[in-house]
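Enquirer: Residue numbers (the working numbering): 5 to 546. Virtual Cβ for every residue (Gly too), placed ideally from N, Cα, C. If you're wondering where the values come from, they're calculated on a predicted model, not measured in any experiment. The structure that follows is given in the form of structure tokens.
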């Protein structure tokens, strides 16, 4: 079984890339595109789960492409850490793509192919054991991302998309320069062969350049501002997709480089810890000033990156495992909340807190999913967020850093305040009178494939809104308000749009009750980061 899984490692990369290329030549809007893309994503998820089961005991699998000798061949390596993150990424990608199908965002014939190529790049970045190939796979991730932004961005805010491209190009240039310096000093870019070389000053500086580039891609303070602008200009579903893939791949690589090259050197880890604490505080505070649900959640994503990096900053077995648990939790919960935001924006035509209200009485299922995601993000039981934050606080206290532990708790209160802001403005209260007009405009644009700036016929919008109010039935068991007989009638989010977020929310609950399972996997993953001998032996045979 192990030999078979080793041989199949390249398929996690090659199959999505090949099928994505094939889909580009399939006739436009052919159903085969969506069938192949969905089947491929399901296969990647199933393979990731199988791989995770295989390496969950601490086993390290490696495959040398074309059977070239170790150290010369392109190596793909899977351990508990990479398999766990790959599984979470595959799940988020699958559910985000299903949301695109249901919402109609995938109507462009290139979307399925771009999503598959993106997943292939993510798989390669998580499984490669070579820094230059890591750079290549990160670029493979970025190219379809540019396409998704072009096809699905809001036309009135293309500046955010341009910012995304410029920032990532600059960060990639810095990353490649760092790799070049490492090769000039050490004569190799094989990650296993570079083990422990962080003690050399020249190598340390070059590696710090790579980490700086990754920090930009992960939206770490003080280079975090681009994320909220770029992701806010993208399609809501694309923002959810990117949240579980791009920033998390960058954080994963930071963990891996810190463990292999720096071997947890305290001076470097202390610097990472300081930056992590600043990131989680700034992200949480910035969220309080936002006026739209998506922008608020995007700053919560920045804060979450800080929480994750606290684990590697501590660089203890407990700290690393807690950081890994938080990474998985954050991928799941942020994906769920951003898909909730997507469903609201898609259905009601706006994500502004002051424009939409009263969802609690109209959208019972959506409200439940939002509450689950919010409580988990805050870190309350019985959700995955409680398991992750409790582990981080405990690891900080055990490391003698009571200040960090206290900071994690204080920032959690800021997170609670931000989520209460969404609840009070968007879910509570009486809905605004123009909500049906906003929703009608969004339905017409989606149906006709119009740009956001395209002018609509006011009479057509009014008729669409009136028909929705008149003919769509109120939720079962709702109470009619005599002052507004249509309060519970009209537009509502379809269940099919809520289902992807519901699945992720349910998984958060399951991981909350079964936290021991996730913690056990994370402990095996952290053990491989503390002691990298098995990883090195699997890659270069020594």
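Can you check which of these residues, 227, 183, 409, 223, is closest to residue 207 by C-alpha distance?
Expert: 183
Enquirer: Inspect the CB distances between the region 368-383 and the region 334-346 and report whether three or more fall short of 8 angstroms.
Expert: yes
Enquirer: Cutting at 6 angstroms between CB atoms, please list the residues of its own chain near residue 290, excluding the five before and the five after it.
Expert: 303
Enquirer: Compute the beta-carbon to beta-carbon distance between residue 28 and residue 117, rounded to the nearest angstrom, for a pair I have assumed lies under 8 angstroms.
Expert: 5 angstroms
Enquirer: So what does DSSP say about residue 478, is it helix, strand or coil?
Expert: Unreliable placement is indicated for residue 478, whose pLDDT of 46 sits below 50; no coordinate value is reported for it.
Enquirer: Helix, strand or coil: which one does DSSP assign to residue 246?
Expert: In this structure, residue 246 counts as helix in the three-state DSSP scheme.
Enquirer: Need the endpoints of the beta strand (DSSP E) that residue 68 sits in, please.
Expert: Per DSSP, residue 68 belongs to the beta strand (DSSP E) from 65-68.
Enquirer: Leaving aside the five residues before and after residue 395 along the sequence, list all residues of the same chain whose C-beta is less than 6 angstroms from its C-beta, in chain order.
Expert: In its chain, beyond the 5 residues on either side, 326, 329 have a beta carbon closer than 6 angstroms to the beta carbon of residue 395.
Enquirer: Taking the C-alpha atoms as reference points, what is the distance between residue 81 and residue 92?
Expert: 17 angstroms
Enquirer: Terminal residues of the continuous beta strand (DSSP E) containing residue 82?
Expert: 79-82 is the span of the beta strand (DSSP E), which, as asked, contains residue 82.
Enquirer: Here's the rule I'm using: 16 or more other beta-carbon atoms within 10 Å means buried, otherwise exposed. How should residue 203 be labelled?
Expert: exposed
Enquirer: Who are the near neighbours of residue 37 in its chain, counting only those whose CB is closer than 6 angstroms to its CB and skipping five residues on each side?
Expert: 27, 30, 116
Enquirer: Using beta-carbon positions only, say whether residue 543 and residue 66 come within less than 8 angstroms of one another.
Expert: Yes, they are a contact pair.
Enquirer: Alpha helix (DSSP H) containing residue 382: first to last residue?
Expert: 368-382
Enquirer: Which of the three DSSP states is assigned to residue 16 in this structure?
Expert: helix
Enquirer: Can you tell me whether residue 270 is buried or exposed, with buried defined as 16 or more other CB within 10 angstroms of its CB?
Expert: exposed
Enquirer: Only counting runs of 4 or more residues, tell me where the alpha helix (DSSP H) segments fall wholly within the region 121-177, in order along the chain.
Expert: 135-156
Enquirer: Since residue 307 and residue 280 should fall inside the 8 angstroms C-beta cutoff, what is the C-beta to C-beta distance between them, to a whole number of angstroms?
Expert: No, residue 307 and residue 280 are not in contact; Cβ-Cβ is about 10 angstroms, not under 8 angstroms.
Enquirer: Give every residue of the same chain whose Cβ lies closer than 8 angstroms to the Cβ of residue 517, excluding the five residues on either side of it in the sequence, and list them in chain order.
Expert: Result list for residue 517: 386, in chain order.
Enquirer: Pull up the DSSP beta-bridge partners for residue 322, would you.
Expert: Residue 322 is not bridged to any residue.
Enquirer: Suppose contacts are defined by Cβ-Cβ distances below 8 angstroms. Is residue 235 in contact with residue 316 by that definition?
Expert: no
Enquirer: Quick one: what does DSSP say residue 429 is sitting in, helix, strand or coil?
Expert: In this structure, residue 429 counts as helix in the three-state DSSP scheme.
Enquirer: Comparing C-alpha positions only, which one of 498, 142, 169 sits nearest to residue 151?
Expert: Nearest C-alpha to residue 151: 169.
Enquirer: Does the region 353-367 come close enough to the region 398-416 to have 3 or more Cβ pairs within less than 8 angstroms?
Expert: no
Enquirer: Rounded to whole angstroms, how far is the Cβ of residue 244 from the Cβ of residue 343, which I believe are closer than 8 angstroms?
Expert: Residue 244 to residue 343, Cβ: 5 angstroms. Contact.
Enquirer: What residue range does the alpha helix (DSSP H) around residue 517 cover?
Expert: 499-517
Enquirer: Can you tell me the Cα-Cα spacing of residue 193 and residue 7, whole angstroms?
Expert: 26 angstroms
Enquirer: Taking only three categories from DSSP, how would you classify residue 60?
Expert: In this structure, residue 60 counts as coil in the three-state DSSP scheme.
Enquirer: To the nearest angstrom, how far is the alpha carbon of residue 121 from that of residue 171?
Expert: 21 angstroms
Enquirer: Residue 147: buried (16+ other C-beta within 10 angstroms of its C-beta) or exposed?
Expert: exposed
Enquirer: Over the uninterrupted alpha helix (DSSP H) stretch that includes residue 205, give me the two end residues.
Expert: 205-222
Enquirer: Excluding five sequence neighbours on each side, which residues of the same chain lie with their C-beta closer than 7 angstroms to the C-beta of residue 296?
Expert: Cβ-Cβ distances below 7 angstroms link residue 296 to 355, 356, 357 in the same chain, with the five nearest sequence neighbours on each side left out; the list follows chain order.
Enquirer: Taking 6 angstroms as the limit between beta carbons, can you name the residues of its chain near residue 340, skipping five residues before and five after?
Expert: Within the same chain, residue 340 has close Cβ partners 377, 505, 508, 509.
Enquirer: Under three-state DSSP, which class holds residue 296?
Expert: strand
Enquirer: Report the rounded CA-to-CA distance for residue 283 versus residue 175, giving the unit in angstroms.
Expert: 18 angstroms
Enquirer: Would you report the Cα separation of residue 57 and residue 18, rounded to the nearest angstrom?
Expert: 22 angstroms
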